[in-house]
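Residue numbers (UniProt numbering): 1 to 243. All C-beta atoms in this analysis are idealised placements derived from N, C-alpha and C, irrespective of residue type, glycine included. This report refers to the structure that appears directly beneath it.
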């Protein structure tokens, strides 16, 4: 009788163990399906991010507007003269040098970095042999950050340089922008060829260049993309000021 009871207990434990394993496996598979989507459907696949959303503490600065943009960025630039910046992505690092003689664009870029704006943004447009564009995202934190900094301002143009391999320029809107002002939150890195610069030179402000990591830029530019030129696997960026 004791032997029979022992056998029944073993059988019961074995059955329970199998059910637990099946349940855990099913939960794991369900979770994985929520994280990744089929690349063949042209859906964007988000990387799992470990960093918490960085909230901007903008209490010490007024919002930037089209009325105060030149004064604000001039003062901020004088107080923060840094010109060296590093972008970190899952494909590697990109080092930038910002030009001192485009002071408003340089100051704006440094300001955005120090305010934590670029955290949760990504290279959201990639065109092989032409450009990669960064500074936007579908993350809900991005419009909140833009609103905290100043959602409506544009940077006065500082057009002095032509586009060359590795140059960094401010993105801009085509419509109702005769003064060729730059959008403050987005930028692009030019890859060439030089024959593609005719509509860029004289229309977009070049405010820096890549000094190291163009191989990383090339890798990003050649990623598979959807119909909107957004990479199928997101390329998030972290940006820091070096000196």
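So, residue 104 versus residue 168, is the Cβ gap smaller than 8 Å? Position 104 of the chain shown holds residue 104. Position 168 of the chain shown holds residue 168. Not closer than 8 Å, so no.
If I measure Cβ to Cβ from residue 237 and keep anything under 8 Å in the same chain, skipping five residues before and after, which residues do I get? The sequence position of residue 237 within the chain shown is 237, counting from 1. Around residue 237: 87, 88, 89, 118, 121, 122, 123, 134.
One or two residues paired with residue 125 in a DSSP bridge: Numbered from 1 along the chain shown, position 125 holds the residue referred to as residue 125. In DSSP, residue 125 forms a bridge with 133.
When the distance is taken between beta carbons, is residue 85 closer than 8 Å to residue 235? Within the chain shown, the letter at position 235 stands for residue 235. Within the chain shown, the letter at position 85 stands for residue 85. No, the Cβ-Cβ distance between residue 235 and residue 85 is not below 8 Å.
Alpha helix (DSSP H) runs contained entirely in the stretch 66 to 94, provided each spans 4 or more residues: 69 to 79
Secondary structure, beta strand (DSSP E): runs of 3+ residues fully inside the UniProt domain "PPIase cyclophilin-type" (91 to 237): Listed in chain order, they are 92 to 98, 122 to 127, 131 to 136, 167 to 170, 187 to 190, 206 to 212.
Can you give me the Cβ contacts of residue 64 inside the same chain, cut-off strictly under 8 Å, excluding the 5 residues immediately before and after it? In the chain shown, counting from the first residue as 1, residue 64 sits at position 64. So the qualifying residues of the chain are 72, 73, 149, 150, 153, 184.
Would you report the Cα separation of residue 69 and residue 108, rounded to the nearest angstrom? For this step, residue 69 is matched to residue 69 along the chain shown. For this step, residue 108 is matched to residue 108 along the chain shown. Taking the straight line joining both Cα atoms gives about 9 Å.
Could you tell me which residues DSSP pairs with residue 240 in its beta bridges? Counting from one through the chain shown, the residue named residue 240 turns up at place 240. 86, per the DSSP bridge assignment.
Anyone know if the C-beta pair for residue 93 and residue 216 falls short of 8 Å? Against the chain shown, residue 93 aligns to sequence position 93. Against the chain shown, residue 216 aligns to sequence position 216. Contact: yes.
Would you call residue 76 buried or exposed, if buried means 16 or more other Cβ atoms sit within 10 Å of its Cβ? In the chain shown, residue 76 corresponds to position 76, counting from 1. Buried, by the Cβ-count rule.
Kindly list the residues whose CB is nearer than 6 Å to the CB of residue 242, restricted to its own chain and excluding five residues on each side of it in sequence; keep chain order. On the chain shown, residue 242 is found 242 positions in, with the first residue counted as 1. Contacts found: 84, 86.
Going by alpha carbons, who is nearest to residue 193 out of 78, 142, 131, 136? As a first step, residue 193 is located in the chain shown; it is residue number 193 there, counting from the start. When each option's Cα is compared against that of residue 193, the closest is 131.
Return the CA-CA distance between residue 114 and residue 196, expressed in angstroms with no decimal places. Counting from one through the chain shown, the residue named residue 114 turns up at place 114. Counting from one through the chain shown, the residue named residue 196 turns up at place 196. Roughly 33 Å separates the two Cα atoms.
Just the C-alpha distance for residue 178 and residue 204, rounded to the nearest angstrom, thanks. Within the chain shown, numbered from 1, the residue matching residue 178 stands at position 178. Within the chain shown, numbered from 1, the residue matching residue 204 stands at position 204. Each residue's alpha carbon lies about 12 Å from the other.
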